[in-house]
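Below you'll find the structure, written out as structure tokens, and then a few comments.
Number of protein chains: 2
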Amino acid sequence: MDRPYVMGVDVGGTNTVFGVVDARGVILESGKIKTGSYETAEAYLAVLAPELNKLIERAGGKEKFNGIGIGAPNGNYYKGTIEDAPNMVWAKGKVIPFAKMISYATGIPVALTNDANAAAIGEMTYGIAKGMKDFIMITLGTGVGSGIVVNGQLVYGHDGFAGELGHVVVRKENGRLCGCGRRGCLEAYTSATGVARTAKEFVEQGKVKTLLTELVPDVEKITSKDVYDAAVKGDSVAIDIFKYTGRLLGEAFADFIAFSSPEAIVLFGGLARSGEFIMQPIKEAMTEYSLGIFKGKTKILLSELPESDAAVLGASALAWEIK
Amino acid sequence: MDRPYVMGVDVGGTNTVFGVVDARGVILESGKIKTGSYETAEAYLAVLAPELNKLIERAGGKEKFNGIGIGAPNGNYYKGTIEDAPNMVWAKGKVIPFAKMISYATGIPVALTNDANAAAIGEMTYGIAKGMKDFIMITLGTGVGSGIVVNGQLVYGHDGFAGELGHVVVRKENGRLCGCGRRGCLEAYTSATGVARTAKEFVEQGKVKTLLTELVPDVEKITSKDVYDAAVKGDSVAIDIFKYTGRLLGEAFADFIAFSSPEAIVLFGGLARSGEFIMQPIKEAMTEYSLGIFKGKTKILLSELPESDAAVLGASALAWEIK
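As given, the protein sequences belong to chains W and R, one line each in that order.
Counting along the first sequence from 1, when you hit position 96 you're at 128 in my numbering, and nothing is skipped either side.
Counting along the second sequence from 1, when you hit position 188 you're at 220 in my numbering, and nothing is skipped either side.
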């Protein structure tokens, strides 16, 4: 292969992780810097670019690279921009032409999209969705993200922002306030913070004794990890919290299936690793709420990419598509 | 052009309509037979095929045709089958290899999909969605159907049945029973029968005097057309019925936008012709419920294809895609 490598760059709210990846999905070299503390995109770039160029040199120079793929919050594929990403000082309320900036600094063509889309491309290229033409990636983390693949192509929509399934409204009446300012979004219930809110509600109702009050005396501090620990010990309240969360996901998935009838829904992130506590209610509700012709057809799969590498792999996969 | 014509066949619950169409979307010849009364698909075909062949001969023979496109309830694009279409005796509980049967009877290649998908391709080929790569077609009739176009291609999903947006669940709690057996589907509220049910509910609440009780003394018999007539005369209950229906559509559209971020949502069918009575609440609710980055971006358009021709045109458009 003329250009055997790609670079993947994952711009997260806290850290930026990057790595040199080969065609089999092996990360040959990697690095990391802090993302958030820079005042301007230029200041951030002044630290990031030398790090990227160092790895590029070590891999044999820019001629070895097919491209650089970037996953970033509010990343726009068509424009190569990061648009008003609220968690990063240098990108808040601004439109940053990030793809151009990185391309200029490295001499390598750049493709950019949001992090969940990058994850979907990663699964399709190196992961469990290899060979699938129709699937939906759902990332369950601090937020709930999604990347939708139809006919083997990522769905970007007319404006480059398609695939915001964390913000479909699953509770139309009296829904929880979401970080986006609206009410009842899937993310408000099924993100890590959503699960923590459910835990607080369930514990405060206090109908049943729960291990959670022993583990974390201050209800404000219960995390989804605590809920998992309590569930493993057989705590019925913790198990109910997962049931509640899983059923909401399953209901929402039934609607997603009515839209694009995917072969699989691939889950990624902390909550997805809660095993049958979450998987069983997801599957039950999905089957229960699916339209007859769709029942039992769509698989629920877990990403098999190692969590620490997935973001870099996903971003890097985008760079193979650069022609 | 070597093959200047296509044939469009629309298999409806009551009538089957068909026509010879040229590349500009002009219907040169057309015909019609009853769909429903035949016991077997073979008996139906024995009447339909000679009618099609008559038109084919008149147009200069099968060599003049690029293909035949068929829109049919529960039509599967990948398999060319009609699967368990409950409104047609000959297709109820059966899988009919309809594309093959028609191709065999006419000697012309056949493509088949469901009626709403055909409508979407019709709009993209001859109608208001010409040149659009991302849009959603919503047909508001006896049922609520949809055809979704992403990256210029129809979304068929992994099984050929994608795009059942009439069956996303818009009321998760205490939803109306839908014809599909589940509760709270969009179709149960925004189809013609859904609007009639809303009318019955609103009139029976009887808080305000309404023209509807004068126009149609038996509440069971109110149709969406009656509601329109009353709304035109300024009846506040009728106007509220449209507002209720439109807001439900707008809410649902906000979720569709979070999925595929289409350039436009194109409406077709009786209810869509109720003008501002329905359009204004749709637009208001859609904007209100849309995620910030999507607000004000997606157009709501009305199909401009004449209702009587749209089904044949839509089906015929599918036949241009046959290679």
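In this text, a Cβ means the ideal position worked out from N, Cα and C, and glycines have one as well.
Every value quoted in this text rests on a predicted model; they were computed, and no experiment measured them.
Here the alpha carbon of W/VAL344 sits roughly 51 Å from the alpha carbon of R/ASP34. If you draw a straight line from the Cα of W/PHE326 to the Cα of R/VAL176, it comes to about 17 Å. Counting only residues of its own chain and dropping the five nearest sequence neighbours on each side, R/TYR76 has a CB closer than 6 Å to the CB of TYR70, TRP122. R/SER268 and R/LYS64 have their C-alpha atoms roughly 41 Å apart.
Under the Cβ distance rule, W/VAL181 does not count among the residues neighbouring chain R, no pair being separated by less than 8 Å.
If you check the CB distance, R/ALA342 and R/ILE100 do not come in under 8 Å.
When W/VAL202, W/ARG279, W/ALA224 are compared, the shortest CA-CA separation from W/ILE254 is found for W/ALA224. The beta-carbon distance between R/VAL200 and W/ASP287, rounded to whole angstroms, is 4 Å. This is short enough to meet the 8 Å contact definition.
If you draw a straight line from the Cα of R/ASN146 to the Cα of W/PHE285, it is about 23 Å long. Within chain W, no residue has its beta carbon less than 9 Å from that of R/SER223; the closest one is some 15 Å off. In this structure, the beta-carbon distance from R/LYS96 to R/PRO36 falls below 8 Å. Judged by DSSP in its simplified three-state form, W/ALA143 adopts strand. A direct Cα-Cα distance of roughly 21 Å separates W/LEU280 from W/ALA262.
Residue burial is scored here from C-beta neighbours: W/GLY216 has at least 16 other C-beta atoms within 10 angstroms and is therefore classed as buried. W/ARG203 and R/LYS331 have their alpha carbons spaced roughly 25 Å apart. One finds PHE193 in chain W with Cβ atoms closer than 7 Å to the Cβ of R/ILE325, taken in chain order.
Rounded to the nearest angstrom, the gap between the Cα atoms of R/GLY107 and R/VAL187 is 14 Å. Among the residues facing chain R, W/PHE130 is not included, as its CB has no counterpart in that chain under 8 Å away.
The stretch 61-117 of chain R contains, as complete beta strand (DSSP E) runs of 3+ residues, the segments 97-103, 113-115 (chain order). When DSSP reads this structure, W/LYS331 sits in a beta bridge with W/ALA296. For R/GLY238, same chain residues with a beta-carbon under 8 Å away, outside a window of 5 residues either side, do not exist.
Three or more Cβ pairs closer than 8 Å define a contact, and the stretch 333-342 of chain W meets that threshold against the stretch 296-314 of chain W. Following the DSSP letters along the chain, one finds W/PHE234 inside the alpha helix (DSSP H) bounded by residues 224-237.
At least one CB of chain R lies nearer than 8 Å to the CB of W/PHE291.
Residues of the same chain with a CB within less than 7 Å of the CB of W/THR245, apart from the 5 flanking positions on each side, are VAL235 in chain order. Looking at the DSSP output, R/ILE59 shares a beta bridge with R/VAL53. Taking W/LYS66 as reference, the option from W/THR171, W/ASN47, W/MET311 with the minimal CA-CA separation is W/ASN47. For R/GLU233 and R/ASP258, the gap between their C-alpha atoms comes out near 15 Å. Contact between R/PHE130 and R/THR113 holds: their C-beta atoms lie close to 6 Å from each other, under 8 Å. Among the residues of chain R, those whose CB is under 8 Å from the CB of W/TYR321 are VAL201, ARG214, following chain order. When 8 Å is used as the limit between beta carbons, R/PRO294 is near these residues of chain W: GLY189, HIS190, in chain order. By the rule that beta-carbons nearer than 8 Å mark a contact, W/LEU197 touches chain R. Cβ-Cβ separation between W/ILE180 and W/ILE168: approximately 5 Å, consistent with a contact (criterion under 8 Å).
Interface annotation, W/LYS162: not in contact with chain R, CB-CB separation never under 8 Å.
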